[in-house]
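Numbering (the numbering used here), first residue to last: -6 to 61.
For every residue, glycine included, the Cβ atom is placed at its ideal position computed from N, Cα and C.
What follows is one structure encoded as structure tokens, with my remarks underneath.
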């Protein structure tokens, strides 16, 4: 079942993007909105009993040498 957040409208996303504080063009916002909806649709397809596998620990591990 899709997440309720996946149903965010472009206007809601635009308002949300304003809160970030980064200067985004209208084209940026439209593309980011499409990507956000796509990502949420894919995330909704992950079975709940396997959700822990979606965030592999090595993906979020610190970079070697103290690089950020």
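Note down, in chain order, each residue of its chain lying with its Cβ closer than 8 Å to the Cβ of residue 6, except the 5 sequence neighbours on either side.
-> 22, 25, 26 and 29
How long is the line joining the alpha carbons of residue 31 and residue 58, rounded to whole angstroms?
-> 34 Å
Got a sec? Which residues, its chain only, sit under 6 Å from residue 10 by beta carbon, not counting five neighbours each side?
-> 17 and 22
Answer yes or no: the CB of residue 57 versus the heavy atoms of the ligand FMN, is any distance below 7 Å?
-> As presented, the structure is devoid of all ligands, the ligand FMN included, so that no description of it is given.
Taking the alpha-carbon positions, what's the residue 13 to residue 4 distance?
-> 15 Å
Could you give the DSSP three-state label for residue -2: helix, strand or coil?
-> With a pLDDT of 49 at residue -2, under the threshold of 50, the modelled position of that residue is not reliable, and no figure is offered here.
N- and C-terminal bounds of the alpha helix (DSSP H) containing residue 28 = 19 to 37
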